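J.:
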Amino acid sequence: MNDTHGHTEGDRILVGLGGLMTELAPDGGLTARWGGEEFVLYLHGHDMDAAHTFAEHLRAAVQDATLGRVNVTVTVGVAEWPTRDALHHAFLHADDAMYEAKAAGRNRVIRSSATATLHPAQA
-3 MNDTHGHTEG DRILVGLGGL MTELAPDGGL TARWGGEEFV LYLHGHDMDA AHTFAEHLRA
57 AVQDATLGRV NVTVTVGVAE WPTRDALHHA FLHADDAMYE AKAAGRNRVI RSSATATLHP
117 AQA
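Residue numbers (the working numbering): -3 to 119.
1. Nearest to VAL74 by CA position, among LEU63, VAL36 and ASN(-2), is which residue?
2. Exposed or buried, which one is ALA119 when buried takes at least 16 other CB atoms within 10 Å?
3. Assuming contact is defined by CB atoms lying nearer than 8 Å, are THR71 and LYS98 in contact in what I supplied?
4. Kindly indicate which three-state DSSP category VAL68 falls into: helix, strand or coil?
5. Compute the distance between the beta-carbons of LEU39 and PHE50, then report whether it is under 8 Å.
6. For the alpha helix (DSSP H) containing ALA56, name the first residue and the last one.
7. Helix, strand or coil: which one does DSSP assign to THR18?
8. Report yes or no: do three or more beta-carbon pairs, one from the stretch 9 to 21 and one from the stretch 50 to 60, lie closer than 8 Å?
9. Could you tell me whether the Cβ atoms of GLY6 and MET17 are closer together than 8 Å?
10. Output needed for LEU13: all residues of its chain with C-beta closer than 8 Å, excluding positions within five of it in sequence on either side, in chain order.
11. What's the C-alpha gap between HIS42 and THR27?
12. Grab the span of the alpha helix (DSSP H) containing THR0 for me, first residue to last.
13. If we cut at 8 Å on Cβ distances, does PHE87 have a partner in chain B?
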């Protein structure tokens, strides 16, 4: 975004996206920027189906929103965080799902499968 449209426009879009995510997040949801152009949203008490439904709602809302001077879409990876697993595994599963969604054409939501394979260096 910054390389194409400049830092001012990129910052405007990132602030707008963060605000929209915070506005749409259900009670107990936690939104944070996760470096670069990535965000993370923690939905406490939501199962995978509810999280996927919310992510699809968010994706559509971003597509329809005016966040800057350019059209913006999001690509979302959804993962669960079983309490028996380290938190970083949930991030890795969500990241893998996001890259799968990007490879499938972007502007979509993909949920991590229960059998998602972590890259050996990430496990």
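We treat Cβ as the ideally placed atom computed from N, Cα and C, and that holds for glycine. The model shown is predicted, which means the values in this text are computed figures rather than measured ones.
T.: The structure says:
1. In the sequence shown, residue 74 corresponds to position 78, counting from 1. Minimum Cα distance to VAL74 is reached at VAL36.
2. For the purposes of this step, residue 119 is taken as the residue at position 123 of the sequence shown. Here ALA119 scores only 44 on pLDDT, less than 50, and its place in the model should not be relied on; the value that follows carries that caveat. ALA119 is exposed by the Cβ-count criterion.
3. Here residue 71 refers to the residue found at position 75 of the sequence shown. Here residue 98 refers to the residue found at position 102 of the sequence shown. Contact flag set, yes.
4. Reading the sequence shown from its first residue, position 72 is the one you call residue 68. Note: VAL68 maps to coil in three-state DSSP.
5. By one-based count along the sequence shown, residue 39 stands at place 43. By one-based count along the sequence shown, residue 50 stands at place 54. Yes, the Cβ-Cβ distance between LEU39 and PHE50 is below 8 Å.
6. Taking the first residue of the sequence shown as position 1, residue 56 is located at position 60. First-last of the alpha helix (DSSP H) with ALA56: 44 to 60.
7. On the sequence shown, residue 18 is found 22 positions in, with the first residue counted as 1. In the structure shown, the three-state DSSP call for THR18 is helix.
8. Yes, they touch.
9. Here residue 6 corresponds to residue number 10 of the sequence shown, with the count starting at 1. Here residue 17 corresponds to residue number 21 of the sequence shown, with the count starting at 1. No, these two residues do not count as a Cβ contact at 8 Å.
10. Sequence index remark: in the sequence shown, residue 13 carries index 17 (1-based). Excluding sequence neighbours, LEU13 sits near PHE35, VAL58, LEU63, VAL68 and VAL70.
11. As a working note, residue 42 is residue 46 in the sequence shown. As a working note, residue 27 is residue 31 in the sequence shown. Annotation: HIS42 to THR27 spans about 15 Å, alpha carbon to alpha carbon.
12. Here residue 0 refers to the residue found at position 4 when the sequence shown is read from its first residue. Segment -2 to 1, the alpha helix (DSSP H) holding THR0.
13. The displayed structure is made up of one protein chain only, and chain B is not part of it.
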